[in-house]
Amino acid sequence: MFTILGFPAPLLFGQLLLGVINGAFYALLSLGLAVIFGMLNIVNFAHGALFMLGAFVAWGLLEYLGIGYWWALVLAPLVVGAFGIVLEKLLISRLYKLDHLYGLLLTFGLALIIEGLARNNFGSSGMPYPIPASLQGAMNLGFMFLPVYRGWVVVAALVMCLATWVVIEKTPLGATLRAATENAKLVQAFGVNVPLMITLTYAGGVALAAFAGVLAAPIYSVNPNMGANFIIVVFAVVVIGGMGSILGSVVTGFGLGVIEGLTKVFYPQASATVIFLVMIIVLLARPAGLFGRAA
Amino acid sequence: MLGFSRAQSAAFLVMLALIVAAPFTLYPVFLMKLLCFALFACAFNLLIGYVGLLSFGHAAYFGMGSYIAAWTAKTWHLTPELAIIAGGLTGAALGTVFGWLAIRRQGIYFAMITLALAQMNYFFCLQAPFTGGEDGIQQVPRGALFGILPLDNDMTMYAVVAVIFLAGFLLIHRVVHSPFGQVLKAIRENEPRAISLGYRTDNYKLLAFILSAGLAGIAGGAKALVFGIATLTDVHFAMSGEVVLMTLVGGMGTVFGPVVGALITNSMEYYLAQFGSWVTITQGAIFVACVLLFRRGVIGEIAAKLRISL
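Structure follows, in structure tokens:
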């Protein structure tokens, strides 16, 4: 066993891996927040609750219908996306003419309702979700053992982030979307159904959160608080990266996950606060965020 | 009277009468909790209602005030008034640092930064030895006011809390109606214009933030002495959400709204406490209903109906 800077290498790489996995979730969640903010101009406080809902849908599919992980990975985002459409049409769409703060307050209320209902029906202790048979076991990479499932989470998250980037930056649909983000009225004048686009953007953003929730289900236990624990850190990630750029969200998400993982090795006491400390440093040095444009 | 309009004077007298009469019919400890939260909500309203700043992390100042008041009263045996002042100063000091960081960004980012900073403070309190971690600081003595008047009797303590609340309430009212308060409202309405008129708006915002955080700290300190305990609940972000709810329900930017909001949410929690998560669900439903149906809040709607300002 060799050591790096006095720390056993397996410990270092193990925490690094955990950091990358957390980073994958930060990236997926902050990406969804950024896409929704760009189009709807609201900060979706319910994002964490919908992430949790994704995990619960996956758990419910397995428990009640016997539908396994791979189908859940497709179905849970669809179910949560459909729920997002209902939320947007019924509630959020009424706020577009108001101050941004009301969107934050409304979605905060929605998060309280969703999390409260989950706690009421399932308790707060959490339920285990099994790793699918095809992703069990571990690979020996020579310097460390990599649990296959954790490797898969990182790959799946990266692919999803890349796919989102391609859709928004490289397709005609994405071009219209970006145009509508810049100037919705003008795009509407060209005959594009902007309200529909807004609804689908919200659905897409929360579907990303649900996808992350399904990925997270076998790693963390499926419990009502899993989203609340993530969302505040994700807000800090968003403040650090700025919500202007998609690649910015992804890079910041993974980067901060790694920093958090390394802190667990070198100074474990600060691991819960290190992302907030980074946020403070960024606010001092670059108030607009690493990838943000000055407002 | 005291710079109140006629309608406000009448409302103030009603409130005063209720504060005096209430402990003879209702449980004084519940009323003290109510007054502490009412002061907390008034302090929060100073920011959201008059400067337009949504701080989503006010639990940090309230909770730290509560911890420091409890700790100084228990460890240093400070008299209650000094312990509460220590709590207020702690809130103000923390507010100086966090406010200075947060005013670098506007609008929605301001809310997210204050929330993140408060969460950092929560983790600090979870780990710092003096807070007692999950146990909190327990069995805090109420002590004797000025070293003379013992506060163990609930009625005596109630009188002290009522005076603290009224002093804070009137101070906020005075600040809002001062020239300083006029500039705050100008910033709320149109910050670029206030800047172009030559006001250093950042200084005004920071000062309002410090004042609000200090009063939140005093409210937290008083609550710690009333219950003899300071715990993580007071610094948790659910508490930040609760104070937003109180102010929103009562009416942002109204003088009496936060007080009524504290009354409504605390009574609701009192009656729903036995039903577990239904408190959270109801809070969420009230948030949604307020934002969609009556954004002016209870007092704001009444005032608009009667065409007066309350």
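Order-wise, the sequence lines are chains G and C. Using numbering that gives the first Met the number 0, read the first sequence as starting at 0 and increasing by one per residue. Using numbering that gives the first Met the number 0, read the second sequence as starting at 0 and increasing by one per residue. We put the CB at the ideal spot given by N, CA and C, even for glycine. Source: prediction; values computed, not measured.
Val261(G) bridges to which residues according to DSSP?
Strictly speaking, residue 261(G) in this sequence is Leu, with Val absent from that position. Looking at the DSSP assignment, Leu261(G) forms no beta bridge with any residue, so it has no partner.
Does Ile136(C) pass the burial test, meaning 16 or more other C-beta atoms within 10 Å, or should it be called exposed?
buried
Whose C-beta lies closer than 8 Å to the C-beta of Val82(G) among residues of the same chain, with five residues either side of it excluded?
First, the residue type needs correcting, since residue 82(G) is Phe and not Val in the sequence shown. Only Leu49, Leu52, Val205 meet the Cβ criterion.
What does Ala235(G) reach in chain C if we use C-beta pairs closer than 7 Å?
Ala115
Going by beta carbon distance, what residues of the same chain come within less than 7 Å of Val264(G), once the five residues before and after it are set aside?
Once the five neighbours on either side are set aside, the close Cβ partners of Val264(G) are Phe6, Leu10, Leu11, Gln14.
Between Ile18(C) and the rest of its own chain, which residues show a CB-CB distance below 6 Å, the 5 nearest in sequence each way excluded?
Ala161
Hey, how far is the Cα of Asn44(C) from the Cα of Met251(C)?
6 Å
Could you say which of Ile298(C), Asn265(C), Phe293(C) lies nearest to Gln282(C) if we only look at CA atoms?
Asn265(C)
Starting from the Cα of Ile245(G), find the closest Cα among Gly115(G), Met159(G), Leu77(G), Ser92(G) and give me that residue.
Met159(G)
Run through the DSSP bridge pairs and tell me what Met126(G) is partnered with.
Val221(G)
Can you tell me whether DSSP reads Asn189(C) as helix, strand or coil?
Assigned with DSSP and collapsed to three states, Asn189(C) falls in coil, not helix or strand.
Consult DSSP for Ala137(G) and reduce its assignment to one of helix, strand or coil.
For Ala137(G), the secondary structure class from DSSP, reduced to helix, strand or coil, is strand.
Quick check: what's the CA-CA separation for Thr106(G) versus Ile230(G)?
Between the C-alpha atoms of Thr106(G) and Ile230(G) there is a straight-line separation of about 12 Å.
Please go through the same chain and pick out, in chain order, the residues whose beta-carbon is closer than 6 Å to the beta-carbon of Cys211(C), but skip the five residues on each side of it.
Contrary to the premise, residue 211(C) reads as Ser rather than Cys in this sequence. Closer than 6 Å at the Cβ level, and outside the excluded window around Ser211(C), lie Ala42, Leu45, Leu46.
Inspect the CB distances between the segment 231-240 of chain G and the segment 109-119 of chain C and report whether three or more fall short of 8 Å.
yes
Locate the alpha helix (DSSP H) running through Phe11(C), then write down its first and last residues.
It spans 5-20 - the alpha helix (DSSP H) in which Phe11(C) sits, taken as one unbroken run.
Compare the C-beta of Ser276(C) against all C-beta atoms of chain A and say whether one is closer than 8 Å.
You won't find chain A in this structure, because its protein chains are G and C.
Which residue's Cα is closest to the Cα of Ala68(C): Gln105(C), Gln138(C), Ala20(C)?
Gln138(C)
State the Cα-Cα distance for the pair Ala218(C) and Gly18(G), rounded to the nearest angstrom.
39 Å
Measuring only the C-alpha atoms, how far is Gly220(C) from Thr89(C)?
10 Å
Straight-line CA distance for Met97(C) to Leu283(G)?
In the sequence as presented, Met is not what sits at residue 97(C); that position holds Phe. Their Cα atoms are separated by approximately 12 Å.
Which residue marks the beginning of the alpha helix (DSSP H) containing Phe39(C), and which one marks its end?
First-last of the alpha helix (DSSP H) with Phe39(C): 27-49.
Taking 8 Å as the CB-CB cut-off, is Ile35(G) touching chain C?
Closer than 8 Å: no.
Output the boundary residues of the alpha helix (DSSP H) element that contains Phe210(G).
Unbroken alpha helix (DSSP H) run through Phe210(G): 193-215.
Just checking: is the beta-carbon of Thr230(C) within a distance shorter than 8 Å of some beta-carbon in chain G?
no
Of all the CB atoms in chain G, is at least one closer than 8 Å to the CB of Leu291(C)?
yes
According to DSSP, is Ala294(G) part of a helix, a strand, or is it coil?
In this prediction, Ala294(G) has a pLDDT of 45, which is less than 50 and means its spatial position is unreliable; nothing more can be read from the coordinates.
Assuming Val258(C) and Met14(C) make a contact with CB atoms under 8 Å, what is their CB distance in whole Å?
7 Å
Using a 10 Å radius around the Cβ and a threshold of 16 neighbouring Cβ atoms, would you call Val73(G) buried or exposed?
exposed
Please report the straight-line C-alpha distance between Leu16(G) and Ile258(G), rounded to a whole angstrom.
11 Å
Kindly say whether Val287(C), judged by its beta-carbon, lies nearer than 8 Å to any beta-carbon of chain G.
yes
Assuming Ser4(C) and Ser308(C) form a contact by the criterion Cβ under 8 Å, report the distance between their Cβ atoms to the nearest whole angstrom.
6 Å
Output yes or no for whether 8 Å exceeds the beta carbon distance between Ala40(C) and Gly260(C).
yes
Within 10 Å of its beta-carbon, does Ile147(C) have 16 or more other beta-carbons around it, so buried, or fewer, so exposed?
So Ile147(C) counts as exposed.
Compare the C-alpha of Phe61(C) against each of Leu81(C), Thr74(C), Phe129(C), Leu93(C) and name the closest.
Leu93(C)
Could you give the residue range of the beta strand (DSSP E) that holds Pro9(G)?
Element bounds for Pro9(G): not the beta strand (DSSP E) but the alpha helix (DSSP H), 8-39.
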